[in-house]
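Peer 1: Take a look at the following structure, please.
There are 4 protein chains.
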Amino acid sequence: MENKYTNFAGDNLDNFLGHEMIEIKEDYVESKLVVTKDHKQPMGLVHGGIYSTLAETICSYGANFSGEGVFVGVNNNTDFLSSVTDGEIICKAEPIKKGKSFQLWECNISHNDKLVAVSKVRLSRIQ
Amino acid sequence: MENKYTNFAGDNLDNFLGHEMIEIKEDYVESKLVVTKDHKQPMGLVHGGIYSTLAETICSYGANFSGEGVFVGVNNNTDFLSSVTDGEIICKAEPIKKGKSFQLWECNISHNDKLVAVSKVRLSRIQ
Amino acid sequence: MENKYTNFAGDNLDNFLGHEMIEIKEDYVESKLVVTKDHKQPMGLVHGGIYSTLAETICSYGANFSGEGVFVGVNNNTDFLSSVTDGEIICKAEPIKKGKSFQLWECNISHNDKLVAVSKVRLSRIQ
Amino acid sequence: MENKYTNFAGDNLDNFLGHEMIEIKEDYVESKLVVTKDHKQPMGLVHGGIYSTLAETICSYGANFSGEGVFVGVNNNTDFLSSVTDGEIICKAEPIKKGKSFQLWECNISHNDKLVAVSKVRLSRIQ
Numbered sequence: 581m582e583n584k585y586t587n588f589a590g591d592n593l594d595n596f597l598g599h600e601m602i603e604i605k606e607d608y609v610e611s612k613l614v615v616t617k618d619h620k621q622p623m624g625l626v627h628g629g630i631y632s633t634l635a636e637t638i639c640s641y642g643a644n645f646s647g648e649g650v651f652v653g654v655n656n657n658t659d660f661l662s663s664v665t666d667g668e669i670i671c672k673a674e675p676i677k678k679g680k681s682f683q684l685w686e687c688n689i690s691h692n693d694k695l696v697a698v699s700k701v702r703l704s705r706i707q
Numbered sequence: 581m582e583n584k585y586t587n588f589a590g591d592n593l594d595n596f597l598g599h600e601m602i603e604i605k606e607d608y609v610e611s612k613l614v615v616t617k618d619h620k621q622p623m624g625l626v627h628g629g630i631y632s633t634l635a636e637t638i639c640s641y642g643a644n645f646s647g648e649g650v651f652v653g654v655n656n657n658t659d660f661l662s663s664v665t666d667g668e669i670i671c672k673a674e675p676i677k678k679g680k681s682f683q684l685w686e687c688n689i690s691h692n693d694k695l696v697a698v699s700k701v702r703l704s705r706i707q
Numbered sequence: 581m582e583n584k585y586t587n588f589a590g591d592n593l594d595n596f597l598g599h600e601m602i603e604i605k606e607d608y609v610e611s612k613l614v615v616t617k618d619h620k621q622p623m624g625l626v627h628g629g630i631y632s633t634l635a636e637t638i639c640s641y642g643a644n645f646s647g648e649g650v651f652v653g654v655n656n657n658t659d660f661l662s663s664v665t666d667g668e669i670i671c672k673a674e675p676i677k678k679g680k681s682f683q684l685w686e687c688n689i690s691h692n693d694k695l696v697a698v699s700k701v702r703l704s705r706i707q
Numbered sequence: 581m582e583n584k585y586t587n588f589a590g591d592n593l594d595n596f597l598g599h600e601m602i603e604i605k606e607d608y609v610e611s612k613l614v615v616t617k618d619h620k621q622p623m624g625l626v627h628g629g630i631y632s633t634l635a636e637t638i639c640s641y642g643a644n645f646s647g648e649g650v651f652v653g654v655n656n657n658t659d660f661l662s663s664v665t666d667g668e669i670i671c672k673a674e675p676i677k678k679g680k681s682f683q684l685w686e687c688n689i690s691h692n693d694k695l696v697a698v699s700k701v702r703l704s705r706i707q
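Protein chains in written order, with this note's numbering: chain A, 581 to 707; chain B, 581 to 707; chain C, 581 to 707; chain D, 581 to 707.
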């Protein structure tokens with residue numbers, strides 16, 4: 581896999597949370613998370629920050645997968661549409677625009693084929 | 581503490597991440613996170629999703645601390661201003677508007693007294 | 581046309597700007613704006629607020645076109661992707677989620693078939 | 581006034597809408613709009629796009645007022661808190677961060693001393 585990110589297999593938030601990549605290719609990233617008690621807020625629902633995190637990760641992976649430059653997220657805007665308490669969350673990210681100095685990606689997050697969160701992640705080139 | 585949230589001490593994302601409340605009172609919540617390897621993305625920087633998560637939590641805590649109703653986050657918009665690799669992150673949240681059916685809170689996140697992320701969290705009343 | 585909005589033809593911002601509806605149906609709204617000097621910022625580019633305004637309008641029209649309730653915009657998040665100096669701007673809006681108490685719509689704005697802005701508009705039911 | 585913007589007095593959206601600058605200085609811009617029928621949506625309320633536009637303008641003015649570079653808005657995120665039907669709208673903008681390649685500004689918009697909208701505008705350096 582051609583990607584400027586390193587340490588996929590090592591210590592990082594995604595491994596800590598159990599966030600698993602399913603597919604990373606040009607202009608498309610897909611991943612999943614099997615919900616556990618550690619992903620929830622005190623009411624027992626999956627914490628909103630989990631959706632923001634999943635989106636941030638796979639948009640960043642996509643932005644850095646190919647092409648020139650290293651990109652980091654500068655804004656994450658996530659809407660939470662429905663609550664989830666268990667099962668598997670699927671994330672799919674695609675670029676809205678890939679510019680030289682910035683990229684804008686969107687991520688759709690679903691649970692049992694129902695859309696539960698949508699996210700836009702803006703990334704800026706740092707190298 | 582008067583708060584409709586429960587299970588603060590039990591299994592949840594904040595405990596899993598090590599997110600510690602410092603102060604929760606009406607119209608103000610403060611918290612901290614001591615950065616570990618588990619909070620980072622593959623480049624070694626604190627993952628953007630961490631800032632979104634911290635903001636989501638303390639804005640939710642604030643929105644549910646007093647008054648009528650139960651509120652859940654429906655949108656989280658976080659800007660990442662500077663990168664952090666270690667040390668302690670401090671979060672401070674205050675309401676922008678507390679309406680009957682929704683609340684809008686903002687959260688400023690700093691590291692060594694430097695602002696590193698800002699977030700707006702919109703919450704909607706569900707009960 | 582079944583729509584709870586009134587005064588389409590009278591005094592309002594859209595008529596003032598020259599924003600023309602092309603199609604309003606369930607789950608889809610399309611409109612256009614022919615750029616004039618009055619739509620620009622001092623550098624000669626179409627003002628970002630124009631894209632936000634176009635999106636706000638057609639997402640509101642779509643949200644109020646059918647079904648129960650009256651919805652008003654509570655958040656408008658617009659990304660500007662490319663600059664425009666003249667010609668015709670085309671806007672297309674579709675719902676991401678239509679709930680009982682809120683709706684979330686997205687609007688894609690293009691110029692000569694190139695995407696120049698994207699917007700998400702959240703609407704809350706007030707009646 | 582030291583500002584890279586030109587054509588303040590000529591044809592542009594702000595003059596067309598009647599948006600008047602009150603004060604532009606380093607790290608602070610203040611402006612006002614006297615509401616007319618041309619600023620409204622069909623229900624008779626000030627159109628959400630007006631708040632987005634006012635914020636976009638004064639944050640852009642602030643970002644370009646001093647220092648190096650020319651900055652243009654790339655994202656406008658505006659929350660509408662209360663409706664307005666007439667009178668005078670006051671806008672106040674301040675920077676959250678002024679970086680070399682981007683700036684993030686916030687704008688608070690009030691009516692009769694009540695906060696009616698808040699906005700964050702991200703600007704990217706183009707020259």
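In this text, a Cβ means the ideal position worked out from N, Cα and C, and glycines have one as well.
Report the residue ranges of all beta strand (DSSP E) runs contained in full by the segment 625–692 of chain D; include only those spanning at least 3 residues, in chain order.
Peer 2: Counting whole runs of 3 or more residues, the segment 625–692 of chain D contains the beta strand (DSSP E) stretches 651–660, 668–678 and 682–691.
Peer 1: Would residue 671 of chain B and residue 610 of chain B be called neighbours here (beta carbons separated by less than 8 Å)?
Peer 2: Walking along the second sequence from the start, residue 671 of chain B turns up at place 91. Walking along the second sequence from the start, residue 610 of chain B turns up at place 30. Going by C-beta atoms, residue 671 of chain B is nearer than 8 Å to residue 610 of chain B.
Peer 1: Is there a Cβ of chain C sitting closer than 8 Å to that of residue 655 of chain B, yes or no?
Peer 2: Your numbering for residue 655 of chain B matches position 75 in the second sequence. So, interface residue.
Peer 1: Given this structure, state the Cα-to-Cα distance separating residue 668 of chain B from residue 690 of chain B, to the nearest angstrom.
Peer 2: If you number the second sequence from 1, residue 668 of chain B lands on position 88. If you number the second sequence from 1, residue 690 of chain B lands on position 110. C-alpha separation (whole angstroms): 9 Å.
Peer 1: Under 8 Å, with one C-beta from each stretch per pair, do the segment 651–668 of chain D and the segment 672–680 of chain C reach the 3-pair mark?
Peer 2: Short answer: they don't touch.
Peer 1: Since residue 594 of chain B is in the alpha helix (DSSP H), which residue starts that stretch and which ends it?
Peer 2: Indexing the second sequence from 1 puts residue 594 of chain B at position 14. Start and end: 593–597.
Peer 1: Under 9 Å between beta-carbons, which chain A residues line up against residue 704 of chain D? List them in chain order, please.
Peer 2: Numbered from its first residue, the fourth sequence carries residue 704 of chain D at position 124. 681, 682 and 704, listed in chain order.
Peer 1: From residue 601 of chain B to residue 639 of chain B, what does the alpha carbon distance come to, in whole angstroms?
Peer 2: On the second sequence, position 21 is the one that residue 601 of chain B refers to. On the second sequence, position 59 is the one that residue 639 of chain B refers to. Cα to Cα, the separation comes out at about 12 Å.
Peer 1: Output yes if chain D places a C-beta closer than 8 Å to the C-beta of residue 605 of chain C; else output no.
Peer 2: Within the third sequence, residue 605 of chain C is the residue found at index 25, counting from 1. No, residue 605 of chain C lies away from the interface with chain D (no Cβ there is under 8 Å from its Cβ).
Peer 1: Residues of chain A with CB under 8 Å from residue 593 of chain B, in chain order?
Peer 2: Counted from its first residue, the second sequence places residue 593 of chain B at position 13. Neighbours of residue 593 of chain B on chain A, chain order: 618, 619, 620, 621, 627, 629 and 630.
Peer 1: Does the segment 621–638 of chain C touch the segment 688–704 of chain B, meaning 3 or more C-beta pairs lie closer than 8 Å?
Peer 2: Verdict: no, contact absent.
Peer 1: Quick one: Cα of residue 707 of chain B to Cα of residue 649 of chain B, how far?
Peer 2: What you label residue 707 of chain B is simply residue 127 of the second sequence in a count that begins at 1. What you label residue 649 of chain B is simply residue 69 of the second sequence in a count that begins at 1. Approximately 5 Å between the Cα atoms of the pair.
Peer 1: Rounded to whole angstroms, what's the CA-CA distance from residue 705 of chain C to residue 625 of chain D? Just pull it up for me.
Peer 2: Taking the first residue of the third sequence as 1, we reach residue 705 of chain C at position 125. Taking the first residue of the fourth sequence as 1, we reach residue 625 of chain D at position 45. Each residue's Cα considered, the two are about 15 Å apart.
Peer 1: Should residue 614 of chain B go down as buried or exposed, given a rule of 16 or more other Cβ atoms within 10 Å for buried?
Peer 2: Locating residue 614 of chain B in the second sequence gives position 34, counting from the first residue. Exposed: under 16 other Cβ atoms inside 10 Å.
Peer 1: Quick check on residue 693 of chain B: buried or exposed, where buried means 16 or more other Cβ atoms within 10 Å of its Cβ?
Peer 2: One-based indexing of the second sequence puts residue 693 of chain B at position 113. Under this definition residue 693 of chain B is an exposed residue.
Peer 1: According to the Cβ coordinates, are residue 703 of chain C and residue 651 of chain C closer than 8 Å?
Peer 2: By one-based count along the third sequence, residue 703 of chain C stands at place 123. By one-based count along the third sequence, residue 651 of chain C stands at place 71. In this structure, residue 651 of chain C lies closer than 8 Å to residue 703 of chain C by Cβ.
Peer 1: Going by beta carbon distance, what residues of the same chain come within less than 7 Å of residue 586 of chain C, once the five residues before and after it are set aside?
Peer 2: Walking along the third sequence from the start, residue 586 of chain C turns up at place 6. Confidence is the limiting factor: at residue 586 of chain C the pLDDT is only 49, short of 50, which leaves the residue's position unreliable, though a coordinate-based value still follows. Around residue 586 of chain C: no qualifying Cβ.
Peer 1: What in chain C is Cβ-close to residue 677 of chain A, meaning under 9 Å?
Peer 2: Against the first sequence, residue 677 of chain A aligns to sequence position 97. Chain C residues near residue 677 of chain A: 659, 661, 662, 695 and 698.
Peer 1: Please look up how many angstroms separate the CB atoms of residue 593 of chain D and residue 618 of chain C, rounded, as I've assumed it's under 8 Å.
Peer 2: For the purposes of this step, residue 593 of chain D is taken as the residue at position 13 of the fourth sequence. For the purposes of this step, residue 618 of chain C is taken as the residue at position 38 of the third sequence. Yes, they are in contact, since the Cβ atoms of residue 593 of chain D and residue 618 of chain C sit about 6 Å apart, within 8 Å.
Peer 1: So with Cβ pairs under 8 Å, would you call residue 640 of chain B a contact of chain A?
Peer 2: Here residue 640 of chain B refers to the residue found at position 60 of the second sequence. So yes, residue 640 of chain B belongs to the interface.
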